[in-house]
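Written below as structure tokens is the structure these notes are about.
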Ligand code: CS2
Ligand code: MG
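Numbering (the UniProt record's numbering), first residue to last: 1 to 402.
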């Protein structure tokens, strides 16, 4: 089954997406998400200039060999751009293989381990009261897990607070938005948010919160300890995770479960976190962690240490990524939860798919392959628009982590 054509489609139905589309000589097509928020053209160029010439004529069935060829053949290994590009190719090849077999992809990953995929939604608000009310709206819609984020007094442009209902799209046109962060106010504010949510809605659902890489280890330990009475499902991204050993300090002080990994792109970014049980959920995604082939390796390692999946699923990962994630989520034994932020109608029009949300769960379709495609005519209606993620500074003007 030779690869006859490979396209990189950049489209922007409200936000930028990069999609790899592979066509074999018998006309079978496969798609893969290669979107890297704020750096989309870097991945698109890596694919177009460096990977596509290597793929024409290769056997599409040789997924593992192609992964090894693209990873080890580059000499310069790992990194978000390289691994997102490889992910786009890898995911498209899995799509093709499943279509050729006439099976939904999860059947090629070992078959069903579960009937449905538990998801969590994003409740956000400018105040604690607004956020508490928003959590209620998610519970009314049947969600069994909700992330709560509210604006922090004394900061400007708090992470996670958007203006588009239950969607949060942090990237914006033009140069990066400069936000102002203040940890002292945040450390006082967050426990009040958790208390208010539990006070109003009780403990009958999973409550999570994203610290978004902002704290030092001891600050994260303090917040984890303060959160214990509110029984969080997880505190996410407590600190910048390049320093995996720093999580030992957090673990020494709190039993609040820890999730991290959405920015990781290889098993080496999280090997210590997993093997020392410094985290409870690994958030690596199909799109940013080298595709289905590499994500399975990470999740298999995690299984050995009792770490469960919690894959990233914000709207800057396309429906192609979400469809692939649902097949992986359906098959693996150590599934934890799947992030789910509904895409816009324009995005769903560009990426028709068969997964469905019902009563707090997502259900992948039974179509052969991933169950998602890209409508190239619709995609052509939305040209690329330069956009950046924000940056964060402290009140004294120094750079912080966004
Ligand atoms: C967030 C994301 O979904 C999450 O947990 O961390 O909103 C993240 O900020 C964006 O995906 C970055 O592009
Ligand atoms: Mg996050």
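Every residue, glycine too, gets a C-beta built ideally from N, C-alpha and C.
Less than 7 Å separates the beta-carbon of residue 312 from that of residue 262.
If the five residues before and after residue 196 are omitted, its C-beta is found closer than 7 Å to the C-beta atoms of 128, 132, all from its own chain and listed in chain order. The ligand MG has a heavy atom closer than 6 Å to the beta-carbon of residue 210.
Here residue 380 is exposed: its Cβ has fewer than 16 other Cβ atoms, across all protein chains shown, within 10 Å.
For residue 234, the enclosing beta strand (DSSP E) covers residues 234-236. Collapsing the DSSP output to three states places residue 266 in coil. Rounded to the nearest whole angstrom, the CA to CA distance from residue 255 to residue 219 is 15 Å. Close CB contacts of residue 40 within its chain, under the 6 Å cut and outside five residues either way in sequence, are with 16, 18 (chain order). If you look at residue 363, you'll find it in the beta strand (DSSP E) that goes 361-363. Residue 103 places its beta carbon less than 7 Å from that of residue 368. Taken atom to atom, the span from the alpha-carbon of residue 264 to that of residue 315 is near 18 Å. Boundaries for residue 26: no alpha helix (DSSP H) harbours it, and the DSSP string shows neither H nor E there. In the assembly as shown, residue 327 is a buried residue. Its beta-carbon has 16 or more other beta-carbons within 10 Å. Set against 6 Å, the gap from the CB of residue 242 to the closest heavy atom of the ligand MG is not smaller. Going by DSSP, residue 118 is part of the beta strand (DSSP E) stretching over 117-125. In the three-state scheme derived from DSSP, where H, G and I count as helix and E and B as strand, residue 369 is classed as strand.
Shown here for residue 171: same chain residues with a beta carbon closer than 6 Å to its own, the five before and five after excluded, namely 37, 38, 387, 389 in chain order. In the DSSP assignment, residue 149 falls within the beta strand (DSSP E) that extends over 145-150. Taking 7 Å as the cut-off, the beta carbon of residue 80 is found no closer than this to the beta carbon of residue 347. Not one heavy atom of the ligand MG lies closer than 6 Å to the C-beta of residue 381. Note on geometry: alpha-carbon atoms of residue 349 and residue 24 lie some 25 Å from one another. Counting only runs of 3+ residues, the beta strand (DSSP E) found wholly inside the stretch 212-295 occupies 234-236, 258-260, in chain order.
Note on geometry: alpha-carbon atoms of residue 253 and residue 210 lie some 18 Å from one another.
Non-local beta-carbon contacts of residue 384 in its own chain, meaning distances under 8 Å to residues more than five positions away in sequence, involve 10, 11, 12, 16, 40, 41 in chain order. The beta carbon of residue 277 is closer than 6 Å to those of 305 in its chain, skipping five residues each way along the sequence.
The nearest non-hydrogen atom of the ligand MG is less than 6 Å from the C-beta of residue 237. In this structure, the ligand CS2 has no non-hydrogen atom nearer than 6 Å to the beta-carbon of residue 145. Two segments are said to touch when three or more pairs of C-beta atoms, one from each, lie closer than 8 Å; by this definition the stretch 76-96 touches the stretch 282-289.
Taking C-beta atoms as the reference points, residue 371 and residue 325 fail to come closer than 7 Å. For residue 67, the uninterrupted alpha helix (DSSP H) segment begins and ends at 63-72. Nearest neighbour of residue 48 by Cα position, chosen from 135, 126, 89, 93, turns out to be 89. Secondary structure note for residue 83: its alpha helix (DSSP H) is the uninterrupted segment 80-101. When only Cα atoms are considered, residue 280 and residue 258 end up about 5 Å apart. In the three-state DSSP reduction, residue 141 falls in the coil class, being neither helix nor strand.
Between residue 247 and residue 208, the CB-CB gap reaches or exceeds 7 Å.
Counting only the Cα atoms, residue 268 lies some 11 Å from residue 297.
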